[in-house]
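Residue numbers (the numbering used here): 731 to 867.
Virtual Cβ for every residue (Gly too), placed ideally from N, Cα, C.
See structure below.
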Amino acid sequence: ERATPKRFFKVDRECLLIPTVGDITGAPVVIPAESVGPHRPPVMVPIYWLPLVKLARPRALAVVLDHPFVRLQRQLAGAFSTVTHITRDDISNLLIPAVSEDVWDRWEGELEQAHRLFIDADAKAREAISIAEGWYT
């Protein structure tokens, strides 16, 4: 009797999943805590997906990993992949959105706003340090 190869694993906790085939990665997918737990059946996921568990904010990380620049890198990696048995259609099927595009846009806008606030705060801190250094020269 021949053993059947394992093709799926069970996800029973909140995690961020990154679909991968060789050196090609797809859009990250979040399994939210509400979808899994002791009273729900586990989510079955292909074994070639990379699970990241115990993340403080998996949805925010998913947004960062699905930034248009990172998405373009994934698409280019697929276009120039050396894995001959993976077709362009296979690659486009890997690039599945975890949530709707308008939600990604809203999250991206919030991240950009947070980045601008960080830049402003950094500039103010540098200015304050410069003033304080002037007191001692």
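Here the alpha carbon of residue 767 sits roughly 25 Å from the alpha carbon of residue 756. Burial is judged here by how many other beta carbons sit within 10 angstroms of a residue's own beta carbon; residue 865 has fewer than 16 and is exposed. Rounded to whole angstroms, residue 793 and residue 867 show a C-alpha spacing of 46 Å. In terms of Cβ geometry, residue 739 and residue 775 form a close pair [threshold 9 Å].
The continuous stretches of beta strand (DSSP E) do not include residue 771, and DSSP gives it neither H nor E. Residue 785 and residue 771 have their C-alpha atoms spaced approximately 21 Å apart. It is roughly 33 Å from the alpha-carbon of residue 851 to the alpha-carbon of residue 762.
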